[in-house]
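Trainee: Shown below is the structure under consideration.
Protein chains: 2
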Amino acid sequence: MSSIAETPEPPYTAVIFTSRLSGDHDGYSAMATVMEQLAATQPGYLGIESAREQIGITVSYWRSAADARAWKAVAEHQIAQRLGRQRWYQAYRIRVATVEREYGHADPSEGSG
Amino acid sequence: MSSIAETPEPPYTAVIFTSRLSGDHDGYSAMATVMEQLAATQPGYLGIESAREQIGITVSYWRSAADARAWKAVAEHQIAQRLGRQRWYQAYRIRVATVEREYGHADPSEGSG
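Heads up: the sequence lines are chains A and B, in that order.
Counted the way our numbering counts, the first sequence spans residues 65 to 177.
Counted the way our numbering counts, the second sequence spans residues 65 to 177.
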């Protein structure tokens with residue numbers, strides 16, 4: 065269950081991970097859940113947002129570019145161990161960006177889910 | 065039908081739009097399609113990616129921050145005209161970011177869809 069991340073005042077770092085899955089999804093959902101839980105334990109973690117239809121988009125937010133790089137190393141190690149990259153992803157793109165401005169609207173009745 | 069955007073060498077600008085819909089979806093899909101088509105006609109447009117499950121994530125890519133700002137003005141005008149913000153979105157967040165690094169993998173057999 066993904067929700068809109070509560071991030072602090074910019075600047076901070078966003079890692080935009082966009083992917084298209086192959087036909088072989090075995091073990092993918094379990095891996096994705098574990099990876100989101102693991103991200104939340106890493107230094108500098110600010111939040112994560114994800115959705116998937118024809119493509120999947122996961123945006124993770126980090127206090128600094130160094131924190132994002134450290135997470136990338138952990139994530140690649142995990143995914144390599146699980147042999148996932150070739151098997152699960154037909155294509156993917158990772159973009160590392162610095163968030164400079166943020167604005168929005170939240171209905172106070174929305175709850176936290 | 066969303067696909068992974070083909071973006072040039074960084075730096076460029078990403079606008080990350082995350083939203084949760086209200087119960088009233090009337091007209092929303094049609095508006096979203098029109099907005100994606102309209103974005104593609106704007107100066108500096110590089111590509112767009114979107115997916116929706118519990119939340120929706122749309123990332124649009126722009127040649128510069130000025131191009132992204134110009135798009136924001138056009139988009140807000142359109143959405144205001146369509147009375148969408150209060151009606152469709154329970155909550156949303158817009159983050160404007162500069163993409164500094166990009167890497168990935170694409171299976172050459174993946175096609176363009």
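From the three backbone atoms N, C-alpha and C, an ideal C-beta is built for every residue, glycine too.
Predicted model only: the values in this text are computed from it and were never measured.
Using beta carbons (cut-off 7 Å, strictly below), is tyrosine 109/B in contact with chain A?
Mentor: Sequence index remark: in the second sequence, residue 109/B carries index 45 (1-based). Not closer than 7 Å to any Cβ of chain A, the Cβ of tyrosine 109/B fails to qualify, so no.
Trainee: Going by beta-carbon coordinates alone, are glutamate 117/A and alanine 155/B separated by less than 7 Å?
Mentor: The count along the first sequence starts at 1 and reaches residue 117/A at position 53. The count along the second sequence starts at 1 and reaches residue 155/B at position 91. Not closer than 7 Å, so no.
Trainee: So, are the CB atoms of alanine 132/B and valine 79/B less than 7 Å apart?
Mentor: For the purposes of this step, residue 132/B is taken as the residue at position 68 of the second sequence. For the purposes of this step, residue 79/B is taken as the residue at position 15 of the second sequence. Their beta carbons are under 7 Å apart, which means alanine 132/B touches valine 79/B by this criterion.
Trainee: Have a look at serine 67/A and isoleucine 158/A and give me their C-alpha separation to the nearest angstrom.
Mentor: Looking up residue 67/A in the first sequence gives position 3. Looking up residue 158/A in the first sequence gives position 94. Going by the C-alpha atoms only, they are around 21 Å apart.
Trainee: Leaving out five residues on either side along the sequence, give the residues of the same chain with a beta carbon under 6 Å from the beta carbon of phenylalanine 81/A.
Mentor: The count along the first sequence starts at 1 and reaches residue 81/A at position 17. Answer for phenylalanine 81/A: Thr122 and Ile158, listed in chain order.
Trainee: I want to verify the contact list: residues of chain B whose CB lies under 9 Å from the CB of glutamine 101/A, in sequence order.
Mentor: As a working note, residue 101/A is residue 37 in the first sequence. Those within 9 Å of glutamine 101/A in chain B number zero; the least Cβ separation is about 17 Å.
Trainee: Would you mind sorting valine 163/A into buried or exposed? The rule is 16 or more other CB atoms within 10 Å of its CB.
Mentor: The count along the first sequence starts at 1 and reaches residue 163/A at position 99. By the 10 Å Cβ count, valine 163/A comes out buried.
Trainee: Suppose you measure from the CA of leucine 102/B to the CA of alanine 139/B; what does that come to, to the nearest Å?
Mentor: On the second sequence, residue 102/B is found 38 positions in, with the first residue counted as 1. On the second sequence, residue 139/B is found 75 positions in, with the first residue counted as 1. Those two C-alpha atoms are separated by around 9 Å.
Trainee: Determine, for threonine 82/B, whether the minimum Cβ-Cβ distance to residues of chain A falls below 7 Å.
Mentor: In the second sequence, residue 82/B corresponds to position 18, counting from 1. At least one chain A Cβ lies under 7 Å of threonine 82/B.
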